[in-house]
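Chains as they are written, first to last, in this note's numbering: chain L, 981 to 1682; chain R, 2 to 122.
Listed below in structure tokens is the structure:
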């Protein structure tokens, strides 16, 4: 039915809600159908699947998406029979439901994009569902047929007698006879005779029972159906007799033959089909599935909120700075207030950021299906293990994760894992394993995909890279550098383009996507033992807890979550590996030193770590580095301003922020710093000139 | 005073549309996502008409009707259930639980209003 009487914008609003809801439902459905395939769908799960189909059908009906209504109708009927135990959860049925889920998803997106999925789309699935149901496809344009029920509309004045005798328990359904009488009166001139003969004496009267019955005389040009409609809800709790009265002289004429061409009341509402499609505005970017139920707020509003809170944080920091500079006791009185303001600001900011956070589950949930499909196609046995699905990350990031993740898992299965025969020959278990995990490390989320496959075939990768002119034939590359070649634009290891991985999207696109999120991708491969890909992505694109450090006249920000400790090393802790590399020994570990002053060529900085400080930081990919600074200034919430929009990427810098004093400080990127080599040779200094005598294990990134 | 309606449905689209339509007709509208939620929403509230879906998580519509009818303050409140076109058995089970009437899905605002008017003018 149409949403008559609603304006275009209301309609659009409902439509948007509907599709957002559909996408949530579909994500949920995917989870349940996966359980079903694993044979673990209980009643509750089955009910949830049923409700999913049911909700989509109801909405689809309201918007007139006929294909969707038809399909969900049968799908729902099948699920209903499964709930009733009439149809068993066999693998065939499970498979059918999974395919049905796919059809459903496609029909939803077809409807959303205002296109036709094609007349035969999903017909095979529908046919099988109907076979199972043991009936011919039921026409489901029910709204139209319901409207058509009033075919026998007669008109002209007529007299009707109606006898209404309620059962005594009429009131238990809160039926109010008075309303029925009122409604009858609207049909025409009504005479009411109430029969009170069944009313018991007062002391025997039960006020909750119905004792009256009525005889009506109605003079109206309505049809029998119009009258029956009045009693629609009570026909099983009342005896109703409707009869056309013997015509009196007055109305004999009209009763004989209804005048030709008499006005027939058009049905109040239009059949479903005529509506929705026309008014539909082109759908925006396809909403990616998100399983968590939530209130829906336009992202733009939240962005504005985040920005405003960001500005508030900066303002608060400025205020704090100015107050800190005050000296006299009288002047310092507002400081308590400012501390409270700082706390509130921080709390507010956390709340705002939390609004945008969602578990990565919604993306992870799609992967078992992918693995199952591919393992079937490629004849490989794969066990997918997932962990950390509840790790939360900014919504915008989640949406961008799905494609890279899908691509990487495809790659793992297609290129990484061997066939069962090959695995057995290599002395491994027949079944390959893919681990997919998410975790918070520092201010990042790290998503890892590792397989126990064959690892990267470096000879082939190198040969292909040379062949494609990506590297020079005489280039000398380390293993790591060869592995990194798979991210090179235009690189493909597939010997032939398969429909699985050769979709014209390479790892270069994956990397570009990740980098555009401010993230990074690392690869570790061990021939014969497998490959691990780590994606490091900032949790949010907006704020971080930072430690402001001073190097010469410059201020830098270190993400607080990656800081382990800071200390001033004694000369005996310092070791020199070569002219470029210096390490510091702490608690038996040797940690490589990254000298910010040299790296960024800062003037007036302390060059000797034993005169300044070393900040020990954890690297998200594993390991630690020691960063040399002059002093720690203090901890602060940092509002991240991206540099990427205005500058080329600067190695070692992830962004910038505005400090309380209005100056800009650069935010250090620990992982990149860990991978950077010194740019200037170490000065020849007195204390640390002696070479390390024993071999040392250097703990550093990568 | 404006009449107050309660719409119970696990689908936000449905709730939105029902609420929008009823508000347009001058109702105050309370919303609930399922039966359990509905029972907590109506606590201490006077409601003039309830419109509930049947298929919902946690507590379905038929159970909700039964629970509401068991409360003195809901003995004579009209309760309508939303059913699909073919749901004769659903109508029957709804009636048996104490529902006053039903609204046939798919949703049509004028139909909804006419049914609501029928039981709660």
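All C-beta atoms, glycine included, are put in the ideal place defined by N, C-alpha and C.
- Runs of alpha helix (DSSP H) with 4 or more residues, each lying fully within the region 1008-1085 of chain L, are found at 1023-1043 and 1046-1063, listed in chain order.
- The Cβ-Cβ distance between residue 1028(L) and residue 1008(L) falls below 8 Å.
- The alpha helix (DSSP H) runs lying completely inside the region 1269-1304 of chain L and spanning 4 residues or more are 1279-1304, given in chain order.
- Taking a Cβ-Cβ cut-off of 9 Å, residue 1433(L) has no neighbours in chain R, whose nearest Cβ is about 41 Å from it.
- Nearest to residue 1372(L) by C-alpha distance, out of 1339(L), 1358(L) and 1354(L), is 1339(L).
- Counting only Cβ-Cβ distances below 9 Å, residue 120(R) has contacts in chain L at 1154, 1155, 1156, 1159 and 1213, in chain order.
- When rounded, the separation of the alpha-carbon atoms in residue 1178(L) and residue 36(R) is 38 Å.
- Contact annotation: the region 1136-1150 of chain L touches the region 1189-1208 of chain L, with at least three C-beta pairs closer than 8 Å.
- Look at residue 84(R): its C-beta is not under 8 Å from any C-beta on chain L.
- Counting C-beta pairs with one atom in each stretch, the region 1573-1584 of chain L and the region 1604-1614 of chain L have three or more that are closer than 8 Å, which means they touch.
- Between the beta-carbon of residue 1328(L) and that of residue 1389(L) there is about 39 Å, and that puts the pair past the 8 Å contact cut.
- Residue 1424(L) and residue 1277(L) have their alpha carbons spaced roughly 25 Å apart.
- Proximity of chain R to residue 1039(L) at the Cβ level (cut-off 9 Å) is accounted for by 12, 14, 15, 18, 107 and 108, in chain order.
- Exclusion of the five residues before and after residue 64(R) leaves 36 and 98 as the residues of its chain whose Cβ lies within less than 8 Å of its Cβ.
- In this structure the region 1629-1641 of chain L lies against the region 1612-1621 of chain L, because at least three pairs of beta carbons, one per stretch, are closer than 8 Å.
- Judged by DSSP in its simplified three-state form, residue 12(R) adopts coil rather than helix or strand.
- Interface criterion met: the Cβ of residue 1028(L) is under 8 Å from a Cβ in chain R.
- For residue 1032(L) against residue 1005(L), the beta-carbon gap comes to about 5 Å, under 8 Å, which counts as contact.
- For a Cβ distance threshold of 7 Å, residue set 11 and 12 of chain R lies close to residue 1035(L), ordered along the chain.
- The beta-carbon of residue 26(R) is placed no less than 8 Å from the nearest beta-carbon of chain L.
- Contact of residue 1047(L) with chain R is not assigned, every C-beta pair being separated by 8 Å or more.
- Distance from the CA atom of residue 1084(L) to the CA atom of residue 1108(L), rounded to whole angstroms, is 15 Å.
- Contact between residue 66(R) and residue 100(R) holds, with the beta-carbon distance rounding to 5 Å and staying under 8 Å.
- Straight-line measurement puts the Cα of residue 1304(L) at about 44 Å from the Cα of residue 1492(L).
- Residue range 1534-1539 is occupied by the beta strand (DSSP E) that includes residue 1535(L).
- Neighbours of residue 78(R) in chain L, taken as residues whose beta carbon is under 8 Å from its own, are 1154 in chain order.
- Between residue 102(R) and chain L, the shortest Cβ-Cβ separation is below 8 Å.
- Per DSSP, the unbroken alpha helix (DSSP H) holding residue 1464(L) starts and ends at 1459-1464.
- Residues of chain L with a Cβ closer than 7 Å to the Cβ of residue 99(R) are, in chain order, 1152 and 1153.
- Secondary-structure assignment with DSSP links residue 1505(L) through a beta bridge to 1511(L).
- In the DSSP assignment, residue 1638(L) falls within the beta strand (DSSP E) that extends over 1633-1638.
- Runs of alpha helix (DSSP H) with 4 or more residues, each lying fully within the region 1571-1643 of chain L, are found at 1576-1579, listed in chain order.
- Around the beta carbon of residue 1324(L), fewer than 16 other beta carbons lie within 10 angstroms, which makes this residue exposed.
- Just measuring C-alpha positions, the residue of 108(R), 8(R) and 92(R) sitting nearest residue 1214(L) is 92(R).
- Bounds of any beta strand (DSSP E) do not take in residue 1450(L), whose DSSP letter is neither H nor E.
- Taking the Cα of residue 29(R) as reference, the smallest distance to any Cα among 15(R), 39(R) and 8(R) is reached at 8(R).
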